[in-house]
């Protein structure tokens, strides 16, 4: 068994271990393109060293996050990373009603200072799982606050909410916590059921997993052009991204 296969197996075990704690919806314990936002915690020059995480370490800049995220062409099993075609996933243009559910849609509200992202899918296949990987850095305790807001949204929006996508509204009918990997400082994962905007009798499935490591969050949002429940974010995608992030950032060393 090679190192990559072994790591995928370990994440699979971590997911199984997390299942026992996901029923309550509480936070689970856990052992490309880039852009700098215009938030108040970043100076106008975009220079590093302007913000810090809970432990006092400097929050990564957009350039650093770019080196942490999977590069276009990177492989994760049968999946391959490619440059995102649209603007940042979980766009701030999306809204949710009631507002407390917004973190499930955009992960917004905690004032991130920089981000980087990439899309991962199976080349040439349109009915396979696609995953948007979004990495964000925060000043102060912003990353922990983002996770707290996401956990609260998971609890309070379990029976659904409305997602405003600027030109169309989508009805989310269920949000259910699922097993999260035992990675980083904490992790949360959800299965989200959405009504098809053209046919209310059709349900579509999305999965969201978010891992926090210090002042950085790694978000994995997976969906598929199909009505089947595909079971979650592909473990090999999380494995490849987590290995790249820890190696490049020195997290956990």
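Numbering (our numbering), first residue to last: 1 to 253. Glycine included, every Cβ here is placed at the ideal spot set by N, Cα and C.
Asked	Found
In chain order, which alpha helix (DSSP H) runs of at least 4 residues are fully inside the segment 116-164?	142-156
To the nearest angstrom, report how far apart residue 250 and residue 66 are at their CA atoms.	15 Å
Let me know the beta strand (DSSP E) ranges lying completely inside the segment 185-252, each 3 residues or longer, listed in chain order.	186-195, 203-213 and 216-223
Determine the extent of the beta strand (DSSP E) in which residue 82 is found, giving its start and end residues.	79-82
In the DSSP assignment, find the beta strand (DSSP E) that holds residue 103 and state where it starts and stops.	It is not in any beta strand (DSSP E) - residue 103 instead sits in the alpha helix (DSSP H) that spans 102-106.
On a Cα-Cα basis, can you pick out the residue from 61, 59, 81 and 209 that is closest to residue 244?	81
Cutting at 6 Å between CB atoms, please list the residues of its own chain near residue 211, excluding the five before and the five after it.	183, 184, 187 and 218
On the DSSP letters alone, give me the boundaries of the alpha helix (DSSP H) that residue 62 sits inside.	62-68
I'd like the span of the beta strand (DSSP E) that includes residue 177, first residue to last.	169-177
Measuring only the C-alpha atoms, how far is residue 223 from residue 208?	9 Å
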